[in-house]
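Below: one structure, written as structure tokens.
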């Protein structure tokens, strides 16, 4: 299959799937708070959902290549549909125990990351088929994701208020199924989407060697390691924000799920605008300056404003400005990934960087829940905000980040750099924006 249809199909799959994820982003914490009344339990659910994500991202790269990116994406979505849909069904039947909720979220966390990675690493091939540049394709890919989050969050707030959190979980399960159908139908015939032939006999030793290649590529660059460590910290803090701090603040001070949906929707809408702006004009400006400013704008301000106000308007303005900055982050990192990482290593490097970036996510939700129960919501927000500010100063403080502006887009350079065993510029860190464990 040639032309734009495969690229459009992946964009459509992500739109449907991520819109559904936004339902779960709000629906699961709200469901836990409604049924248990405990921020600590909401943090435990977030921990169970995100711990398997790290494991899956760490070991999934070689598996994705062997099984095939199209198959991995479709199977991942189907399993997630079952795990998410089972939560409200068991609840309606009066059979849902807390441990079952944790287990179902863990299953979703385990399988969703390989599917997300499988679609993500296909982007250069799909851009080539569509006759567009990787930078524009990456910006559009991220913009569509942002727009879907905006739509899903707005719908989630209304649906929860009108029908309850269980309804949004059923709808999310349906979006997983639609995403699987689109990928299965429209990515046939794309060589990069099919199983990749191994260079040698399939074995545990060969698998470890392939995984080690991804780690080696990561560790040879101080900049790549710096990006991974920075996003690792911010993702943990953002997990605490999305799974505990914002839902609790919305329930206690902002009047309920509708306000929560509005805030998440504003963030997603302005993140969409930020991604589109970077796609149109971003290449004219130094990457390091844009990256640092965008991360500072999208980070600690949300926590501080939420801690100091009990009304929706100040936080709504802050979320809009934060979203504008957040939308510019992933196009920068995605472009660097496709410029510098060879095609044959993209699944492995992306899996390793994703695992690194998601390493603190299980602790973020758990810590937020425990801090809220122990010290109150306002103090927990301020502690998280201070930690976020210190983390996002890294691009300004450390000299290694200057290499962010020295990257080029020469198509021959990635393989040459790898063969010379020289430090490689960074790969993409797909979790650079706030993400929930159920985000697809």
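Residue numbers (the working numbering): 886 to 1325. Even glycine gets a Cβ: it sits at the ideal position worked out from N, Cα and C. Quick caveat, the model's predicted, so the values are computed rather than measured.
Whole angstroms are fine: how far does the CA of residue 1286 sit from the CA of residue 1111? Approximately 8 Å, taken between the alpha carbons.
Residue 1184 versus residue 1094: straight-line alpha-carbon distance, rounded: Approximately 37 Å between the Cα atoms of the pair.
Is residue 1213 helix, strand or coil when you go by DSSP? Residue state, collapsed to three classes: coil.
Of all the options 1066, 1150 and 1253, which has the alpha carbon lying nearest to the alpha carbon of residue 1122? Answer by Cα proximity: 1253.
Taking C-beta to C-beta, are residue 1140 and residue 1209 nearer than 8 Å? Residue 1209 sits away from residue 1140, with the two beta carbons spaced by 8 Å or more.
Span of the alpha helix (DSSP H) around residue 1075: No alpha helix (DSSP H) contains residue 1075, which DSSP labels as neither H nor E.
Skipping 5 residues on each side, what residues in its chain have a beta carbon closer than 7 Å to that of residue 1041? If you ignore the 5 residues before and after residue 1041, its C-beta comes within less than 7 Å of the C-beta of 907, 908, 911, 912, 1053 and 1146, all in its own chain and listed in chain order.
Looking only at C-alpha atoms, which of 1098, 1060 and 993 sits nearest to residue 940? Residue 940 has its Cα closest to that of 993, out of 1098, 1060 and 993.
Euclidean distance between Cα positions of residue 1214 and residue 1165: As the crow flies, the alpha-carbon of residue 1214 is around 14 Å from that of residue 1165.
Distance, residue 1262 Cα to residue 1250 Cα: Each residue's alpha carbon lies about 13 Å from the other.
Pick out whichever of 925, 999 and 1062 has its Cα sitting closest to the Cα of residue 950. Checking every option, the nearest Cα to that of residue 950 belongs to 999.
So, using beta-carbon positions, are residue 1144 and residue 1211 closer together than 8 Å? The answer is no: Cβ separation not under 8 Å.
Of the residues 919, 1068 and 894, which one's Cα is nearest the Cα of residue 959? Comparing Cα-Cα distances from residue 959 to each of 919, 1068 and 894, the minimum goes to 1068.
Nearest residue (CA-CA) to residue 893, options 991, 1022, 967 and 1223: Of the listed residues, the one whose Cα sits closest to residue 893 is 1022.
Residue 1148 to residue 1200, Cα distance in whole Å? CA-CA distance, residue 1148 to residue 1200, rounds to 8 Å.
What are the start and end residues of each continuous alpha helix (DSSP H) run of 4 or more residues lying completely inside the segment 1129-1189, in chain order? You should have 1131-1138, 1142-1166 and 1172-1183.
Element boundaries [alpha helix (DSSP H), containing residue 1020]: Element bounds for residue 1020: 1019-1048.
Mapping DSSP to helix, strand and coil, what is residue 890? DSSP places residue 890 in helix when its eight states are reduced to three.
DSSP state of residue 1200, grouped into three classes? DSSP places residue 1200 within a helical segment (H, G or I) once states are collapsed to three.
Can you tell me the Cα-Cα spacing of residue 1036 and residue 1026, whole angstroms? Just so you know, the alpha carbons of residue 1036 and residue 1026 end up roughly 16 Å apart.
Compute every distance between the C-beta of residue 1230 and the non-hydrogen atoms of the ligand ADP, then say whether any falls below 7 Å. Looking at this structure, you won't find the ligand ADP or any other ligand, since it has none at all.
Stretch pair the segment 1120-1138 + the segment 1004-1021: three plus CB contacts closer than 8 Å: Using a C-beta cut-off of 8 Å, the segment 1120-1138 makes no contact with the segment 1004-1021, since fewer than three inter-stretch Cβ pairs fall below that distance.
For residue 998, does the three-state DSSP call read helix, strand or coil? Residue 998 carries a helical assignment under DSSP once its states are collapsed to helix, strand and coil.
Take the Cβ of residue 1002 as the centre, count every other Cβ of all protein chains shown within 10 Å, and call the residue buried at 16 or more, exposed below. Buried: at least 16 other Cβ atoms inside 10 Å.
Does residue 1293 pass the burial test, meaning 16 or more other C-beta atoms within 10 Å, or should it be called exposed? For residue 1293, the predicted model reports a pLDDT of 43, less than 50, meaning its position is unreliable; a value from the coordinates is still stated below. Around the beta carbon of residue 1293, fewer than 16 other beta carbons lie within 10 angstroms, which makes this residue exposed.
Taking buried to mean at least 16 other C-beta atoms within 10 Å of its own C-beta, is residue 1180 buried or exposed? With 16 or more other Cβ atoms within 10 Å, it is buried.
Distance CB(residue 1098)-CB(residue 1230) smaller than 8 Å: In this structure, residue 1230 lies closer than 8 Å to residue 1098 by Cβ.
State the Cα-Cα distance for the pair residue 1015 and residue 1076, rounded to the nearest angstrom. Between residue 1015 and residue 1076, the C-alpha separation is close to 15 Å.
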